[in-house]
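Chains as they are written, first to last, in the working numbering: chain A, 7 to 430; chain B, 7 to 430.
Notes follow the structure.
There are 2 protein chains.
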Amino acid sequence: MQKLPVNAIYAQSGGVTSVINASACGVIETARRYSDRIGTVYAAHNGILGVLNEDLIDTQYETEATISALRQTPGGAFGSSRYVLHSQQHDPAAYTRLIDVFKAHNIGYFFYNGGNGSADTCEKIAAISHDMGYPIQAIHIPKTIDNDIIGTDCCPGFGSVAKYVATATRETGHDIASMASSSTKVFILEVMGRNAGWIAAASALAQQNQEQPPHIILFPEVAFNLEKFIASVNLVVARHGFCCVVASEGVCDENGRFLSASDSADEAGDHQLGGVGPKLAKLVIAHTGLKTHYAVADYLQRAARHMASATDVAQAYQVGVHAVEAALNGVNGAMVNIVRDSDEPYRWHCETIGLEGIATLERKLPANFISEDGMHITAEARRYLQPLIIGEDFGVYDKRGLPAYAELKGIMANKKLPIWVANK
Amino acid sequence: MQKLPVNAIYAQSGGVTSVINASACGVIETARRYSDRIGTVYAAHNGILGVLNEDLIDTQYETEATISALRQTPGGAFGSSRYVLHSQQHDPAAYTRLIDVFKAHNIGYFFYNGGNGSADTCEKIAAISHDMGYPIQAIHIPKTIDNDIIGTDCCPGFGSVAKYVATATRETGHDIASMASSSTKVFILEVMGRNAGWIAAASALAQQNQEQPPHIILFPEVAFNLEKFIASVNLVVARHGFCCVVASEGVCDENGRFLSASDSADEAGDHQLGGVGPKLAKLVIAHTGLKTHYAVADYLQRAARHMASATDVAQAYQVGVHAVEAALNGVNGAMVNIVRDSDEPYRWHCETIGLEGIATLERKLPANFISEDGMHITAEARRYLQPLIIGEDFGVYDKRGLPAYAELKGIMANKKLPIWVANK
Chain A
7 MQKLPVNAIY AQSGGVTSVI NASACGVIET ARRYSDRIGT VYAAHNGILG VLNEDLIDTQ
67 YETEATISAL RQTPGGAFGS SRYVLHSQQH DPAAYTRLID VFKAHNIGYF FYNGGNGSAD
127 TCEKIAAISH DMGYPIQAIH IPKTIDNDII GTDCCPGFGS VAKYVATATR ETGHDIASMA
187 SSSTKVFILE VMGRNAGWIA AASALAQQNQ EQPPHIILFP EVAFNLEKFI ASVNLVVARH
247 GFCCVVASEG VCDENGRFLS ASDSADEAGD HQLGGVGPKL AKLVIAHTGL KTHYAVADYL
307 QRAARHMASA TDVAQAYQVG VHAVEAALNG VNGAMVNIVR DSDEPYRWHC ETIGLEGIAT
367 LERKLPANFI SEDGMHITAE ARRYLQPLII GEDFGVYDKR GLPAYAELKG IMANKKLPIW
427 VANK
Chain B
7 MQKLPVNAIY AQSGGVTSVI NASACGVIET ARRYSDRIGT VYAAHNGILG VLNEDLIDTQ
67 YETEATISAL RQTPGGAFGS SRYVLHSQQH DPAAYTRLID VFKAHNIGYF FYNGGNGSAD
127 TCEKIAAISH DMGYPIQAIH IPKTIDNDII GTDCCPGFGS VAKYVATATR ETGHDIASMA
187 SSSTKVFILE VMGRNAGWIA AASALAQQNQ EQPPHIILFP EVAFNLEKFI ASVNLVVARH
247 GFCCVVASEG VCDENGRFLS ASDSADEAGD HQLGGVGPKL AKLVIAHTGL KTHYAVADYL
307 QRAARHMASA TDVAQAYQVG VHAVEAALNG VNGAMVNIVR DSDEPYRWHC ETIGLEGIAT
367 LERKLPANFI SEDGMHITAE ARRYLQPLII GEDFGVYDKR GLPAYAELKG IMANKKLPIW
427 VANK
């Protein structure tokens with residue numbers, strides 16, 4: 007027997023990407039196609055916090071053009087959050103509250119668009135159906151620039167950062183090559199990647215041959231060895247006249263300590279990184295005396311919608327579409343995953359996979375993706391990475407020469423419940 | 007009486023831009039159109055050093071397609087240099103050498119593509135004609151991302167960096183806005199600009215209204231005041247929930263000391279900057295406790311051909327064209343300059359202007375371009391800056407998803423002279 011139309015909540019979680027809104031677009035456009043079965047899609051304002059606070063943006067007021075423009079809008083259009091939902095045992099009031107909100111707005115579907123940590127939240131919400139008797143179907147829509155979610159061939163968001171970093175490596179490589187005879191000899195590009203070196207690895211796609219930048223890649227998976235690093239820099243400079251290094255923010259020393267970590271930590275207890283670029287530049291200058299520059303890409307890479315991979319945008323959209331279709335097919339407690347059918351030509355499709363274990367495991371670079379010397383990638387890695395950056399999706403520019411983004415009305419659903427006070 | 011065909015040297019100098027090769031393209035394509043009057047265009051390898059070393063790339067071996075592809079290739083395709091040519095009085099041997107090279111290769115035209123410092127070199131070479139009796143016409147083709155050359159409405163190279171920085175500010179602004187409720191509250195983007203705040207100023211073009219990022223801009227022209235800065239950050243965060251800061255690398259304290267300068271200095275005696283981003287981030291964290299991120303754009307901005315302004319590319323090309331035409335009209339010792347005919351619609355044309363004084367003066371942000379509080383730009387600045395970023399020129403991408411660049415054969419002209427040994 008078919009369910010009566012119920013409403014859906016879509017929420018964004020964790021660090022945003024340049025294409026997370028393409029997933030939102032996929033969810034909302036698909037839900038609108040099934041309007042006989044899904045009523046309103048509410049977008050929670052600031053992730054799960056928006057659900058708890060009953061801050062629900064009613065997307066039915068947004069025009070087709072606005073929803074379509076989400077596809078080319080970076081950041082989290084509805085607000086994202088790093089809020090951690092504790093277990094039922096530790097914070098039962100939060101779960102009661104979630105059910106109150108779901109009931110008040112007749113919510114039957116919950117689409118959670120996030121990374122590993124968010125998969126955990128999604129799993130907890132999926133369990134409400136069984137544990138607490140409220141019929142909710144929770145589907146996780148993967149998203150992370152870090153590409154570290156297990157169970158999927160790749161993560162929407164990663165392909166675009168990969169394309170950005172590979173392009174930046176090619177561009178800056180040309181710049182430095184042209185100046186090295188009388189100026190900068192060593193350039194260090196710091197990229198994101200706390201525990202997994204996927205983003206740094208993607209810089210290697212810039213190469214048309216092994217002589218070209220990046221000459222050295224530093225991964226979180228490989229313990230940093232100062233002597234070996236400096237020796238390599240000297241060797242590369244002797245050979246090419248300059249040396250381009252790409253370093254993951256999460257590079258660690260032999261004792262597993264981040265080469266550069268600030269003292270501040272966020273709510274989830276993670277140390278805020280950033281600073282490996284300047285740190286490495288200092289080391290290079292001290293040990294070689296060579297003129298050295300560094301760039302810290304930080305949010306530039308994560309927000310670079312202008313450099314999106316068309317493949318990545320298509321995948322980000324499709325995981326949204328598939329999530330809605332899976333929900334309508336009765337799936338609960340699952341993540342949409344991308345399955346690779348072939349490398350070249352690149353073919354892929356979406357499926358769903360159970361959420362068990364996804365939140366707790368991080369997918370690091372496999373050993374056979376890292377070259378023997380620990381400072382570059384292998385042919386296997388190239389075969390995996392290459393298709394993810396294919397195709398350009400520049401988005402639309404306005405007459406003033408800047409990218410044009412979705413401008414949401416952001417009309418909130420009327421609140422039906424008392425204000426929520428978090429258990430601290 | 008028309009000169010017999012003579013050859014030309016084109017050379018790139020100083021920090022490169024993402025569109026300097028578009029000027030090379032303009033020079034070479036135009037010279038080819040006047041093949042009855044200009045024989046071969048030799049491109050000096052590594053700027054003026056290539057002339058002294060007789061390292062001359064014979065561009066007649068490069069196909070039309072390759073020369074055309076220069077238009078979309080960042081960096082200095084023929085190599086640039088920060089080498090400083092001293093005065094005739096201090097280094098007469100260098101001038102004798104230059105004339106030897108000019109004679110050996112029948113050079114009648116010298117096109118020097120550089121910034122302020124390079125204008126000085128160009129002026130010295132132009133003087134050879136009068137002082138030393140060798141008939142050479144030297145034309146300066148302006149280029150600098152810093153937009154600090156006097157005598158021209160703007161500098162080719164700046165418009166594309168302006169577009170890059172404005173786009174990055176808009177993109178990262180969306181990212182941070184979407185996360186601020188539970189994550190980063192302050193974001194600092196460090197951009198180039200040693201003594202002039204043009205690049206930082208251009209970030210303001212990201213705004214559709216004054217509430218949007220960038221909220222605070224720090225210019226080299228305005229002494230940094232910590233108390234005022236921290237008070238502004240707190241005010242903006244209180245109002246918007248987050249604060250985006252764009253800071254010139256050349257921000258100075260009230261005593262004119264760079265807020266963050268490394269100890270290394272290049273051959274021209276300039277202190278290598280970079281580090282204002284991390285420095286400001288530390289200050290913000292120390293004084294507000296707010297979660298803060300920073301990005302250092304460094305060469306990412308200067309090499310970002312993928313984000314070129316179509317207006318800038320057109321100007322970079324046209325100054326090359328105009329230089330050749332001016333040379334054929336007998337001009338010597340001049341710079342090609344861009345004259346603005348109207349703001350909206352934006353209209354401009356090229357002229358030439360004498361080189362006297364251009365090398366010694368830096369064009370800073372005029373006082374009426376900086377807002378009263380010293381931390382933003384005025385409507386006059388917007389009127390000036392806006393047209394320079396109009397239009398997109400993304401370049402061509404290959405099948406692997408990366409920008410495709412000119413691949414030069416780089417065949418060197420046969421050397422006819424003994425090896426040159428610089429006077430040290």
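Glycine included, each C-beta is placed from N, C-alpha and C at the ideal position.
Counting the other CB atoms within 10 Å of its CB gives B:Pro-372 a total below 16, which places it among the exposed residues. Distance check between A:Asn-52 and each of A:Thr-46, A:Trp-426 and A:Asp-61 places A:Asp-61 closest, using alpha-carbon atoms only. In the three-state reduction of the DSSP assignment, A:Ser-254 falls in the strand class, which pools E and B. Non-local beta-carbon contacts of A:Tyr-411 in its own chain, meaning distances under 6 Å to residues more than five positions away in sequence, involve Thr-79 in chain order. Interface annotation, B:Pro-284: in contact with chain A, CB-CB separation under 7 Å. Within the region 301-362 of chain A, the complete beta strand (DSSP E) segments of 3 residues or longer fall at 340-348 and 353-360, listed in chain order.
Here A:Phe-116 is bridged, per DSSP, to A:Ile-15 and A:Ala-144. Per DSSP, reduced to three states, the secondary structure at A:Pro-409 is strand. Relative to the Cα of B:Ser-184, the nearest Cα in the group A:Ser-19, A:Val-290 and A:Gly-256 belongs to A:Ser-19.
Within 10 angstroms of the beta-carbon of B:His-96 lie fewer than 16 other beta-carbons, which makes it exposed.
Take A:Val-330, set aside five residues on each side of it, and the residues of its chain with a beta-carbon closer than 6 Å to its own are Val-33, Thr-36 and Ala-37, in chain order. Residue contact with chain A for B:Tyr-89: present (Cβ-Cβ distance below 7 Å to some residue of chain A). Taking the Cα positions, B:Ala-212 is about 10 Å away from B:Thr-178. DSSP places B:Val-47 inside the beta strand (DSSP E), whose first and last residues are 44-50. Counting the other Cβ atoms within 10 Å of the Cβ of A:Gly-163 gives 16 or more, which makes it buried. With respect to chain B, the C-beta atom of A:Ile-223 has no partner C-beta closer than 7 Å. For B:Leu-224, the uninterrupted beta strand (DSSP E) run begins and ends at 222-224, by DSSP. Using a Cβ distance threshold of 7 Å, A:Lys-149 and A:Asn-122 do not count as a contacting pair. Non-local beta-carbon contacts of A:Ala-83 in its own chain, meaning distances under 7 Å to residues more than five positions away in sequence, involve Asn-27, Ala-30, Leu-76, Ala-412 and Leu-414 in chain order. By the Cβ neighbour-count rule, B:Gly-247 is exposed, with fewer than 16 other Cβ atoms within 10 Å of its own. B:Gln-321 has its alpha-carbon roughly 8 Å from the corresponding atom of B:Ile-344.
The beta carbon of B:Tyr-305 falls within 7 Å of a beta carbon belonging to chain A, placing the residue at that interface. Counting along the chain, B:Asp-64 sits inside the beta strand (DSSP E) bounded by residues 62-64. Within the same chain, Cβ atoms closer than 6 Å to the Cβ of A:Val-342 are found at Ile-147, Val-325, His-328, Ala-329, Cys-356 and Thr-358, the five residues on either side in sequence being excluded. The Cβ neighbour count for B:Leu-423, taken over all protein chains shown within 10 Å, is under 16; the residue is labelled exposed. At a Cβ-Cβ threshold of 7 Å, B:Leu-394 and B:Ala-168 count as neighbours. Below 8 Å, too few C-beta pairs join the region 151-161 of chain A and the region 280-293 of chain B to call them touching: fewer than three.
In this structure, the CA atom of A:Lys-297 is about 28 Å from the CA atom of B:Phe-193. Interface with chain A (7 Å Cβ-Cβ cutoff): B:Phe-400 is included. If you check the CB distance, B:Ala-301 and A:Val-302 come in under 7 Å. Of the candidates A:Ala-333, A:Phe-375 and A:Val-427, A:Phe-375 places its Cα closest to the Cα of A:Ala-202.
Any Cβ of chain A closer than 7 Å to the Cβ of B:Thr-72 would place that residue at the interface, and such an atom is absent. Annotated as distal: B:Glu-217 and B:Gly-283, with beta-carbon spacing of 7 Å or more.
The three-state reading of DSSP puts B:Asp-399 in strand, counting E and B together. Cβ atoms of B:Ala-314 and B:Ser-24 come within 8 Å of each other, at about 6 Å.
With the criterion set as a beta carbon lying under 9 Å from some beta carbon of chain B, the members of the region 203-215 of chain A are Leu-211, Ala-212 and Gln-214, in sequence order.
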